[in-house]
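Numbering (the working numbering), first residue to last: 2 to 272.
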Ligand code: 8IG
């Protein structure tokens, strides 16, 4: 087995063992602005600091969590694995560190994955505080999380079934195309215009590589962004980190409810 799969298996065994469960069912990755949003999913029955689990690292950005939680989903008997830590490509640990969370989720038994993120928007209609369902992505990082001749089909990468489920829960939920840039710098105004011209509604630094890795593991996935800022040049005012955090907090109640209802809906459809 490849080293990176070995590490993911070992992480999954640590997590399942600590929680005393045979498997987890649904995984969630919490991005910036989503840290509190997992609060309504159900009862947290086990929790580990990320750095105590093989292959995970403590987060580099304040406001990004650092725990791996097991949450019992209502009385369905199913368990969600909530990954409050994500390794970004810009951290320089390589693509396997980026993919480790989703590979671990798959190894822990998860067949469904919900990726969340905080991102910029290329359109004023997607204002800060808007949740946007990801319909497709542009991977502008110039890398793949996969190795060798792993020719993975990315048609319907962001599951139409799961998007329809989310739209039933919140018919006002917008959909958009997410472009992943490598970061850690934000885009220039010209790059935001380029992304928009290429078809991107959202710009971020995380989700596309994770989605590709998840699909290669066979998981069905959904991506939901929280727009925390307009992309550079879309608004008159320059970006700042305080604006990012404030928009996330204001949207808190809506996205918490949305995430809980989506996870409950997924668990119900699995029966
Ligand atoms: I929060 O404007 C957040 N993450 N690339 N651009 C990119 N990533 C982001 C942005 C943004 N805002």
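Backbone N, C-alpha and C fix where the C-beta goes; we use that ideal spot for every residue, glycine too.
The ligand 8IG never approaches residue 111 closely enough for any of its heavy atoms to be under 6 Å from the residue's Cβ. Set against 6 Å, the gap from the CB of residue 117 to the closest heavy atom of the ligand 8IG is not smaller. Annotation: residue 75 to residue 235 spans about 41 Å, alpha carbon to alpha carbon. By the CB criterion at 7 Å, residue 260 and residue 114 fall outside the cutoff. Judged by DSSP secondary structure, residue 254 falls within the alpha helix (DSSP H) whose first and last residues are 253 to 270.
For residue 25, the secondary structure class from DSSP, reduced to helix, strand or coil, is coil. When 161, 178 and 94 are compared, the shortest CA-CA separation from residue 227 is found for 178. Nearest to residue 70 by C-alpha distance, out of 173, 243, 98 and 106, is 106.
Annotated as distal: residue 181 and residue 149, with beta-carbon spacing of 7 Å or more. The residue among 18, 224, 154 and 266 with its C-alpha nearest the C-alpha of residue 175 is 224. Annotated three-state conformation of residue 150 is coil, per DSSP. The closest heavy atom of the ligand 8IG lies less than 6 Å from the beta carbon of residue 229. Within the chosen limit of 6 Å, the ligand 8IG does not reach the beta carbon of residue 195 with any heavy atom.
Relative to the non-hydrogen atoms of the ligand 8IG, the Cβ of residue 131 never comes closer than 6 Å to any of them.
The beta carbon of residue 196 is closer than 6 Å to those of 123, 180 and 204 in its chain, skipping five residues each way along the sequence. For residue 213, the CB contacts under 6 Å within the same chain, skipping 5 residues up- and downstream, are 146 in chain order.
For the stretch 86 to 164, the full-length alpha helix (DSSP H) segments reaching 4 residues or more read 96 to 108 along the chain. Contact between the stretch 50 to 58 and the stretch 8 to 17 is present, with at least three C-beta pairs closer than 8 Å.
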